[in-house]
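Protein chains: 2
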Amino acid sequence: MQFGTVCIVGPGLIGGSIGLGLKARNLVKTVIGVGHRVSSLECARKMHAIDTGALQVEDAVGNADIIILATSVNQIVDLAKRIIPLMKSNAILTDVGSTKAYIVEQITSHLRKDVTFVGAHPIAGSEQRGVEFASKDLFVGATCIITPLDVQSKESETIAQLWRLLGAKVTYLSPQLHDEILSFVSHTPHLVASCLINAIKKEYLDCGSSGLRDTTRVASGDPELWVNIFKQNRENVIKSIDRFIVELNGFREDLLTKDNASLLERLTRAKDARDKIFSNNVTV
Amino acid sequence: MQFGTVCIVGPGLIGGSIGLGLKARNLVKTVIGVGHRVSSLECARKMHAIDTGALQVEDAVGNADIIILATSVNQIVDLAKRIIPLMKSNAILTDVGSTKAYIVEQITSHLRKDVTFVGAHPIAGSEQRGVEFASKDLFVGATCIITPLDVQSKESETIAQLWRLLGAKVTYLSPQLHDEILSFVSHTPHLVASCLINAIKKEYLDCGSSGLRDTTRVASGDPELWVNIFKQNRENVIKSIDRFIVELNGFREDLLTKDNASLLERLTRAKDARDKIFSNNVTV
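The listed protein sequences correspond, in order, to chains A and B.
Residue numbers for the first sequence follow the working numbering, so the first one is -6 and each next one is one higher.
Residue numbers for the second sequence follow the working numbering, so the first one is -6 and each next one is one higher.
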């Protein structure tokens, strides 16, 4: 029960999995979920992802020890502005947004002195949305990046501990470095997957096999959610597109000049780097 | 037993799966495997992918009704030149190569009048290699593209029937159109996956999650095998890289000019097209 009363704003895939994970591990007194739709809240409650539901943050956050913003990134700052005046003293506000620099800067500038904000980003999920896909073990083995203002504070340790108890490995980064890294390992791959699909004539798509299916899986993610991520990480994504185009032009040049030794070197370098991080390949 | 004696040159993942599939379905009298290593042939025999093994095509093809070239694409033409003079009258030579125009042109120019070549490409497999990953059902539900010189001939119907009985859907294409389509749905996605990995600093890779893992899975494929595919489909791959870069620059321009409506349209178009072909998404 170490985390007391936890309020999850947006108990969908990520928020619902936090609720399920905290309750299944007996780490909380109570979980309050805040959502737009009664039916989703009822579903979350039946799944034991939350104990009670509310339609407005104003009805839910006053008694919470920890408030977790688990909505789409474009809603996080506005919600924080509504929530901060209502928080009890010493409560912690945190989030799970896929971008950090804009969110941390905005929320910090609206913070009260007696409450804390600890930015967080559990790197887990799928192209699916909704609490019905939530799982108590979604974060087991995943990395959760934490971007606290003060790494030494007991509040940042509380949030780190929450993620460790849900099974995640915790890494501390600055919001700026978080956004730069994520633009390379997540945002640009997403955009590239969408480009791969858009570059193929519709009548050719039928010949796509498991390779194309996996390479483009993330392109089935929610477009509005992703536009909001791109909006908040524009400059980094442009930089990593440019870095990616340098690689791609290198490949193109090797094909053009029939430099097969260089092609082999590029493919081998990629295979070696990838095999080091993803040793258990899914074979289909 | 309708296909008589079948010789599989290169009983690895694909060749071994053909052997397993034909034998399990009782479609052949005998399967002869030709490979470089005694140990692999022995493994293939114990798995019932082949009945007997040989180290040289010269010792294996003389009595075969169907000879299937299932090696890396760079070996197919040279093997065909050695095999054609030894084939019995009315036998059929076929392959499973990922490229078709070069292979079909070369083999056709060396063909005898009393034997037939039917180019084929089952679009199945994984980044794994070796007969130990073979499966009798590898081709169930897969597409097999056939590029016969004469679509009406009984030999092309024999090869089409072989693939249908292994569970594949058969599509007839010209070798040129095959190579153009494959450059979009397979060869360029492979190269893009390798570029994504190579563009990421090594110390950032640890933050990659299931999205990056799937987007880049194919980059763990065998580099030498893929260099040979790129060599044989250079011009199409360059064209599809150029088409892909147009899409990518469109995204980049939208980010630069903050055209969020256009970004949303691009992401939505990709999602809609992808969801139509891959309705059962793997969620991780």
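In this text, a Cβ means the ideal position worked out from N, Cα and C, and glycines have one as well.
Where the beta strand (DSSP E) through residue i begins and ends
i, result
"B:Lys162", "162 to 165"
"B:Ala42", "Run containing B:Ala42: none; DSSP gives neither H nor E here."
"A:Thr(-2)", "-2 to 2"
"B:Leu62", "59 to 62"
"A:Leu144", "The sequence given here places Val at residue 144 of chain A; Leu does not occur at that position. Taken as a continuous stretch (DSSP letters only), A:Val144 belongs to no beta strand (DSSP E), as it is neither H nor E."
"B:Val24", "23 to 27"
Where residue i meets chain B, residues with beta-carbon distance less than 9 Å
i, result
"A:Val144", "Those do not exist, as A:Val144 stays about 18 Å from chain B at its closest Cβ, beyond 9 Å."
"A:Arg280", "Because residue 280 of chain A is not part of the residues shown, which for chain A are -6 to 277, the question remains open."
Per-residue contacts from residue i into chain A (C-beta, under 7 Å)
i, result
"B:Ile270", "Leu198, Asp199, Gly201"
"B:Pro216", "Leu257, Leu260, Thr261, Lys264"
"B:Leu189", "Pro182, Val185, Phe237"
"B:Ile231", "Arg245, Leu248, Leu249"
Start and end residues, alpha helix (DSSP H) containing residue i
i, result
"B:Ala17", "6 to 17"
"B:Cys188", "181 to 191"
"B:Thr151", "147 to 158"
"B:Gly243", "227 to 249"
"A:Gly204", "203 to 208"
"A:Ile77", "Neither: A:Ile77 is in no alpha helix (DSSP H) and is coded neither H nor E."
"A:Leu256", "253 to 270"
"B:Lys172", "In the sequence under discussion, the amino acid at residue 172 of chain B is Asp, which differs from the Lys named in the question. Here the alpha helix (DSSP H) through B:Asp172 covers 168 to 175."
Proximity to residue i [Cα-Cα], best of the options
i, options, result
"A:Leu131", "A:Gly112, A:Gly5, A:Gly14", "A:Gly14"
"B:Leu159", "B:Leu79, B:Gly123, B:Ile116, B:Ala94", "B:Ile116"
"A:Ile234", "B:Lys162, B:Ile61, B:Asn242", "B:Asn242"
"A:Glu228", "B:Phe271, B:Gly214, B:Arg210, B:Thr250", "B:Thr250"
"B:Cys0", "B:Asp52, B:Leu260, B:Met40, B:Cys36", "B:Asp52"
"A:Lys162", "B:Thr151, B:Ser179, B:Pro141, B:Cys200", "B:Cys200"
"A:Arg267", "B:Ala266, B:Leu205, B:Thr23, B:Lys269", "B:Leu205"
"B:His103", "B:Leu79, B:Arg262, B:Asn226", "B:Leu79"
"A:Asn226", "B:Asn253, B:Phe237, B:Lys224, B:Arg236", "B:Asn253"
"A:Gly123", "A:Lys22, A:Ser33, A:Ile231", "A:Ser33"
"B:Lys194", "A:Arg262, A:Cys188, A:Gly134, A:Ile190", "A:Arg262"
"A:Arg210", "B:Ala84, B:Ala113, B:Asp265", "B:Asp265"
"B:Leu170", "B:Phe271, B:Phe244, B:His114, B:Lys16", "B:His114"
"A:Ile85", "A:Lys147, A:Ile76, A:Ile59, A:Asn67", "A:Ile59"
"B:Lys269", "A:Glu125, A:Ser213, A:Ile11, A:Thr87", "A:Ser213"
"B:Ile43", "B:Val54, B:Gln49, B:Val24", "B:Val24"
"A:Cys137", "B:Glu125, B:Ser187, B:Ser128, B:Ser202", "B:Ser202"
"A:Ser91", "A:Leu72, A:Glu258, A:Leu62", "A:Leu62"
"A:Thr151", "A:Asp172, A:Val185, A:Thr109, A:Ile174", "A:Thr109"
"B:Arg75", "B:Val97, B:Val50, B:Asn67, B:Ser65", "B:Val50"
"A:His41", "A:Asn19, A:Val54, A:Ala57, A:Arg30", "A:Asn19"
"B:Phe223", "A:Lys232, A:Glu246, A:Val230, A:Gly118", "A:Glu246"
"B:Cys188", "A:Gly3, A:Ile238, A:Gln154, A:Lys39", "A:Ile238"
"B:Thr101", "B:Lys81, B:Ser255, B:Thr140, B:Asn191", "B:Thr140"
Contact set between residue i and chain A, taken where Cβ atoms lie within less than 8 Å
i, result
"B:Val220", "Asn253, Leu256, Leu257, Leu260"
"B:Leu13", "Those do not exist, as B:Leu13 stays about 16 Å from chain A at its closest Cβ, beyond 8 Å."
"B:Thr136", "Asp199, Cys200, Ser202"
Chain B residues whose Cβ lies nearer than 8 Å to that of residue i
i, result
"A:Ala212", "Leu260, Ala263, Lys264, Arg267"
Partners in chain B for residue i, counting only beta-carbon separations shorter than 7 Å
i, result
"A:Ile116", "Cys200, Ser202"
"A:Ile174", "Tyr197, Cys200"
Under 9 Å by beta carbon: chain A residues contacting residue i
i, result
"B:Ser179", "Cys200, Gly201, Ser202, Gly204, Leu205"
"B:Phe223", "Phe244, Asp247, Leu248, Asn253, Leu256, Leu260"
Completely contained alpha helix (DSSP H) runs for the segment 80 to 109 of chain B, where each covers 4 or more residues: 94 to 102, all fully within the segment 80 to 109 of chain B.
Interface residues of the segment 192 to 210 of chain A facing chain B [CB-CB below 8 Å]: Ala192, Ile193, Lys194, Lys195, Tyr197, Leu198, Asp199, Cys200, Gly201, Ser202, Ser203, Gly204, Leu205, Arg206, Asp207, Thr208, Thr209, Arg210
Members of the segment 234 to 248 of chain B near chain A, C-beta cut-off 9 Å: If the cut-off is 9 Å between Cβ atoms, the segment 234 to 248 of chain B has Ile234, Asp235, Arg236, Phe237, Ile238, Val239, Glu240, Leu241, Asn242, Gly243, Phe244, Arg245, Asp247, Leu248 near chain A.
Residues in the segment 17 to 35 of chain A having any Cβ partner in chain B nearer than 7 Å: So nothing in the stretch comes that close.
Chain-ordered residues of the segment 61 to 72 of chain B with a beta carbon less than 8 Å from chain A: Those would be none; no residue qualifies.
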